[in-house]
Amino acid sequence: MTAALAAPSPVGGAKTRINDFSIQVATVNGSGSQTANTVLLRAIFQMGVFVSGKNLFPSNIAGLPTWFTIRASAQGYVARKASNEMLILMNPETAKEDIAKADPGALVIYDEPLQLDKLRSDLAYTPVPFQKLVTASCPEPKLHKLVKNMIYVGVAARLLGIDMEEVKKAIAKQLKGKTKAIELNQTACMAGYDWAMENLEDQDHIKVVRDDKTQGLIIIDGNEACALGALFAGVTVVGWYPITPASSLVETFIEYAEEYRKDPKTGKSTVAIVQMEDELASAGVVLSAGWAGARSMTSTAGPGISLMSEFIGLGYYVEAPGVFFNVARTGPSTGLPTRTQQSDVELCAKCSHGDTLHVNLYPGNMEECFQFAYDAFDLAERFQTPIFVVTDLDLGMQNWASKPFAYPAKPYDRGKVLNQQQLADMKDWGRYKDVDGDGICYRSLPGTPGGKGSYFTRGSGHNAYAQYSEKPEDYLEVMNRLRKKYETAKAHVPGPVFRNLGSDKGVLAFGSSDPAVVEAQDLLAAQGLKTDYLRLRALPFTAEVDAYVKEKQVVYVVEQNRDGQMANLFRETYPEHATKFKSVLHFDGYAIDAKSIVDQITAFEQK
Amino acid sequence: MTTTTSATPAPAAPTNKLGFTKQDYVGSKSTLCAGCGHDAITAQLINAAFESNLEGHRVTKYSGIGCSSKTPAYFINQGWGFNSVHGRMPSIATGASLANRTLINIGVSGDGDSMSIGMGQFVHAVRRNVPMIYIIEDNGVYGLTKGQFSATADKGSHLKSGAVNDFPPIDPCTLAIELGCGFVARSFSGNPKQLNAILKAAFAYQGTVVIDVISPCVTFNNHDASTRSYKHVKDHDFPLHDLGFIQYSEVEQVDIPAGETEVVTFPDGSKVAIKAIHEGYEPTDRFGAMKAIHESMAKGEFLTGLLYINPTQPPLPEVLNLVDEPLTTLGEDLLKPSPAELDKIMQALM
Ligand SMILES: Cc1ncc(C[n+]2csc(CCOP(=O)(O)OP(=O)(O)O)c2C)c(N)n1
Ligand code: SF4
Ligand SMILES: [Mg+2]
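Respectively, the protein sequence lines represent chains W and H.
In this text, residue positions in the first sequence follow numbering that gives the first Met the number 0: the first is 0, and each later residue adds one.
In this text, residue positions in the second sequence follow numbering that gives the first Met the number 0: the first is 0, and each later residue adds one.
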């Protein structure tokens with residue numbers, strides 16, 4: 000033990016930030032730090048404090064730098080915060096750079112041999128002899144690398160004032176039932192804590208104080224929430240192909256299906272899940288299963304959607320249902336596959352060649368991931384078309400606190416499907432006849448007995464009776480009806496939600512930008528700029544969106560891509576208001592933060 | 000469908016066991032070139048379906064894009080058809096066959112559709128043993144795009160324009176055997192009897208059936224320098240055997256002559272009687288089949304007939320252990336977990 004281990008006193012002596020700070024942990028990918036970080040996050044959560052976590056991981060399996068940020072917020076702000084009050088530096092590769100980027104006054108916990116304390120004088124250093132502590136607390140050398148990270152959890156718990164009982168509980172929760180691992184990790188964690196108790200004095204820079212903000216909340220990621228939505232929606236055919244950040248959606252579904260999708264009488268499976276050879280084949284499975292009357296889905300990211308686009312046009316034109324989850328990542332091409340972006344907006348809005356328009360759902364939080372996933376299957380069957388549920392890596396793979404999900408009591412809407420009797424009673428059925436005037440036709444399912452209702456589905460020109468046709472009037476009839484069907488969808492998709500502070504200045508965003516926008520709105524209001532926030536939740540734009548656009552003097556469209564793709568859709572849909580839309584953008588691969596929004600809107604306002 | 004009216008009532012057409020006439024198995028009028036091999040295959044599909052007493056409403060027909068892929072519109076109008084995108088017929092058949100495992104699935108594709116753009120899907124559908132009859136109407140060219148070479152064209156064969164094919168062909172049959180397909184056949188659109196017997200056996204089979212049917216394109220690949228012309232194939236067609244198919248319902252009544260006839264029994268009890276012509280060919284011997292096909296190809300022959308058979312492999316829905324009833328008919332009561340179950344899931348996430 001060295002003399003350097005005095006109490007870290009925050010430089011600058013600002014007042015204590017209680018339940019309001021960010022911690023960034025720098026580790027090496029594959030070192031087991033994910034467990035340690037989740038434990039730290041959970042422990043704070045169990046202290047009743049609102050937290051969110053963001054894992055900034057590299058696109059490899061082991062050995063590259065990873066950062067995990069944990070934000071605690073008494074006000075409930077859960078967006079990424081660009082500044083951090085505590086750094087835990089475990090990665091020799093990045094430590095110097097991490098120090099260089101640190102915010103003045105930050106507490107820095109680091110692995111003693113890294114000797115970082117001479118690099119800057121405006122930080123408060125806590126070197127920790129991790130190796131010594133690991134050797135002393137863990138008898139098995141093989142496991143040293145894995146439990147080393149647990150030691151910083153103990154040290155941080157001590158410095159932050161987190162109850163060790165909560166940390167132990169979090170470990171037990173995280174390692175569900177693995178008795179030996181739980182014991183090992185708890186011991187390592189205690190070793191860190193005990194060492195810190197003995198060697199470190201209190202700091203008054205940042206603190207966790209027990210609160211009651213998280214009572215009854217769950218922690219979940221968006222992929223799991225979507226998987227649960229699909230489970231409750233009764234999906235019966237899944238065709239998929241692995242891709243980050245979408246894989247865990249189906250993988251989690253598979254785990255739930257093991258338990259909830261076995262016929263209790265026979266033990267046989269009530270869902271077919273096939274890992275296909277690529278995304279083209281996945282799309283084929285989804286659309287044909289939907290065509291045959293199953294509830295079908297796939298989960299993919301931008302590259303997969305690109306491959307599927309020919310099929311999606313087919314689905315649109317022949318009117319086959321299917322649910323396509325796009326957990327978006329940073330493009331173009333392979334881009335930054337483990338980073339987030341909202342850059343598939345236009346791709347999904349109009350996926351495929353020719354004139355195509357798709358219903359898109361944009362969940363903005365965990366409850367909506369669950370609910371919209373559930374609703375997507377109803378919409379697919381009601382509208383007999385591919386439905387996109389567009390999330391992103393930030394929603395899909397990060398941990399979010401959420402209210403438990405409400406039971407989706409609404410019965411399934413299986414849409415306009417004719418059974419044997421209805422087909423027999425029908426005088427002049429045509430697969431593509433618009434009987435109800437809403438653009439949605441009646442379909443029959445293969446295998447329906449009785450000799451009525453068979454038809455030929457084709458991606459080439461067809462008339463109302465599904466017969467091959469190249470006649471201009473037949474083509475126009477179908478295409479105009481499809482447009483009408485899209486209009487009909489306006490009354491069925493989730494409308495926007497508002498957070499109005501009373502202003503003719505609008506802020507418009509969707510999906511994972513929501514928490515940053517809410518925070519930005521408050522920051523702007525504190526500066527004297529009130530805004531009315533519309534969070535878009537679906538395409539096509541509904542009547543409330545029309546009214547909002549008309550009424551606002553300016554609309555700041557916040558989105559996480561370079562080209563302002565959503566703003567483009569707005570300009571195109573509302574050409575007479577085109578000049579109102581101003582793009583507020585964030586697209587470096589990290590989740591959007593409030594400050595970026597505030598800065599850009601402030602700059603626009605000063606023009 | 001158009002029917003011609005005649006003055007004198009026609010004699011009642013014969014019906015099959017389900018009471019259907021052959022007319023009940025026809026489709027819309029073909030729009031292919033007169034004499035196209037594909038139409039002859041369609042005709043045998045109609046005959047075989049009629050003779051096999053297929054329930055038309057259970058039939059589904061899938062295809063990609065090409066002249067061949069248009070043909071599902073020309074047979075079994077009682078069934079549902081899905082003409083999809085180029086090379087992707089197998090995934091269409093996969094999804095629907097999982098959604099409803101009681102369907103009888105017929106996929107029609109071309110040599111371009113399956114051996115070029117759709118090779119990936121062909122390979123994986125076979126590997127998964129998707130329950131379907133996969134017919135490749137093989138003319139060695141891209142008919143619909145006006146006669147470019149396909150990947151089954153023989154090396155050195157000529158286009159009408161004079162262009163020569165520089166690349167070796169891909170053989171769908173040896174490929175299918177290699178991939179573990181349990182029913183692999185080759186036939187010729189000009190040999191209706193053999194094709195009929197193969198199709199009837201195929202209807203009784205449970206997993207993926209691959210049938211490569213040499214089907215001359217009279218417009219772009221029927222000239223003298225083509226190895227896929229009617230004349231050339233007729234001269235080089237070596238049928239392996241006389242094939243007899245006996246549906247399970249008829250097994251009792253039919254005497255299968257002993258001797259050279261080999262009998263393969265399907266899980267449903269149907270039997271295929273194989274009377275060898277080609278000496279020593281053993282259609283249940285996978286490696287022997289491969290060898291014989293390769294040897295005949297080296298000689299420039301088309302070995303036709305049931306090349307390989309192994310009726311014991313479980314089809315995809317069985318591999319996935321799916322419930323017996325169609326997934327499409329499962330109700331909300333079975334599919335949607337209860338409020339208590341949601342509660343349990345939520346508790347675990349707290
Ligand atoms: C994605 C795509 N690329 C190209 C085409 C053009 N195309 C249509 S049919 C065809 C070839 C069909 O050849 P084959 O499968 O052998 O059918 P055939 O007409 O010979 O029966 C091609 C290249 C297409 N429809 N789609
Ligand atoms: S072009 Fe060839 S393959 Fe196409 S219909 Fe005519 S003969 Fe048949
Ligand atoms: Mg061809």
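Even for Gly, the Cβ is constructed at its ideal location relative to N, Cα and C.
All values derive from a computational prediction rather than experimental measurement.
Beta-carbon proximity list for residue i, same chain, < 6 Å, skipping 5 on both sides
| i | result |
| --- | --- |
| F129(W) | D110, K147 and I150 |
| P445(W) | A291 |
| G221(W) | C368, T390, L394 and G395 |
With 16 other Cβ atoms within 10 Å as the buried cut-off, status of residue i
| i | result |
| --- | --- |
| P514(W) | buried |
| E486(W) | exposed |
| S512(W) | buried |
| F265(H) | buried |
| F237(H) | exposed |
| R209(W) | exposed |
| S298(W) | buried |
| V50(W) | buried |
| I276(H) | exposed |
| K504(W) | buried |
| A203(H) | buried |
| N479(W) | exposed |
| D424(W) | exposed |
| I60(W) | exposed |
| A5(W) | Per-residue confidence for A5(W) stands at a pLDDT of 39, beneath the threshold of 50, marking its modelled position as unreliable; no derived number is given. |
For residue i, the first and last residue of its enclosing beta strand (DSSP E)
| i | result |
| --- | --- |
| A25(W) | D19 to V27 |
| W66(W) | P64 to S72 |
| F569(W) | Segment Q564 to T572 is the alpha helix (DSSP H) holding F569(W); no beta strand (DSSP E) there. |
| I105(H) | I103 to G109 |
| I134(H) | M131 to D137 |
Residue i: first and last residue of the uninterrupted alpha helix (DSSP H) it sits in
| i | result |
| --- | --- |
| G80(H) | Per DSSP, G80(H) belongs to no alpha helix (DSSP H); it is in the beta strand (DSSP E), W79 to N82. |
| M189(W) | T178 to N198 |
| H231(H) | Y229 to H235 |
| S122(H) | One detail in the question is off: residue 122(H) reads as Val in this sequence, not Ser. That run of the alpha helix (DSSP H) goes M118 to R127. |
| F677(W) | With chain W represented from 0 up to 606, any question about residue 677(W) goes unanswered, as that position is not in the structure. |
| I253(W) | S246 to Y259 |
| D342(H) | P338 to L348 |
| F509(W) | Counting along the chain, F509(W) falls outside any alpha helix (DSSP H), though it belongs to the beta strand (DSSP E) covering K504 to F509. |
Cβ-Cβ distance between residue i and residue j below 8 Å
| i | j | result |
| --- | --- | --- |
| M88(H) | G111(H) | no |
| L329(H) | T265(W) | no |
| A375(W) | Y431(W) | no |
| I75(H) | G36(H) | no |
| E278(W) | G303(W) | yes |
| K529(W) | G501(W) | yes |
| P82(H) | P313(H) | For the sequence presented, residue 82(H) should be read as Asn rather than Pro. Contact: no. |
| G534(W) | G363(W) | For clarity, residue 534(W) is Arg in the given sequence; the question names Gly instead. Result yes, Cβ atoms of R534(W) and G363(W) sit closer than 8 Å. |
Cβ neighbours of residue i in the same chain (closer than 7 Å, five flanking residues each side left out)
| i | result |
| --- | --- |
| A171(W) | I181 |
| D97(W) | A25, L86 and L88 |
| F44(W) | V50, T213, I218 and A400 |
Same chain, Cβ closer than 8 Å to residue i, five either side skipped, listed in chain order
| i | result |
| --- | --- |
| T30(H) | K69 |
| T15(W) | D203, H204, I205 and K206 |
| C137(W) | H143, V146, L183, T186 and A187 |
| E84(W) | R16, F20, S21, I22, D102, G104, A105, L106, H204 and I205 |
Q) Does the pairing of the stretch 244-262 of chain W with the stretch 219-229 of chain W give three or more beta-carbon distances under 8 Å? A) yes
Q | Contact between the stretch 417-433 of chain W and the stretch 526-544 of chain W (3+ Cβ pairs under 8 Å) | A | no
Q.
When you compare the stretch 92-107 of chain W with the stretch 116-123 of chain W, are there three or more beta-carbon pairs, one atom per stretch, that lie closer than 8 Å?
A. Enough Cβ pairs lie closer than 8 Å, so yes.
Q | Touching by the beta-carbon criterion (3+ pairs, under 8 Å), the stretch 79-94 of chain H and the stretch 38-53 of chain H | A | no
Q: Answer yes if the stretch 204-222 of chain H comes into contact with the stretch 136-153 of chain H, meaning at least three C-beta pairs across the two stretches below 8 Å, and no otherwise.
A: With the cut-off at 8 Å, the stretch 136-153 of chain H and the stretch 204-222 of chain H touch.
Q: State whether the stretch 551-560 of chain W contacts the stretch 574-589 of chain W, with contact taken as three or more CB pairs (one from each stretch) at a distance under 8 Å.
A: The stretch 551-560 of chain W, when compared against the stretch 574-589 of chain W, does touch it at the 8 Å Cβ threshold.
Q. Does the stretch 298-314 of chain H come within contact of the stretch 172-186 of chain H, defined as at least 3 CB pairs closer than 8 Å?
A. yes
Q) Would you say the stretch 26-45 of chain W touches the stretch 160-176 of chain W, given that touching needs at least three Cβ pairs under 8 Å? A) yes
Q) Counting pairs of Cβ atoms below 8 Å between the stretch 486-498 of chain W and the stretch 371-387 of chain W, do you hit three or more? A) yes
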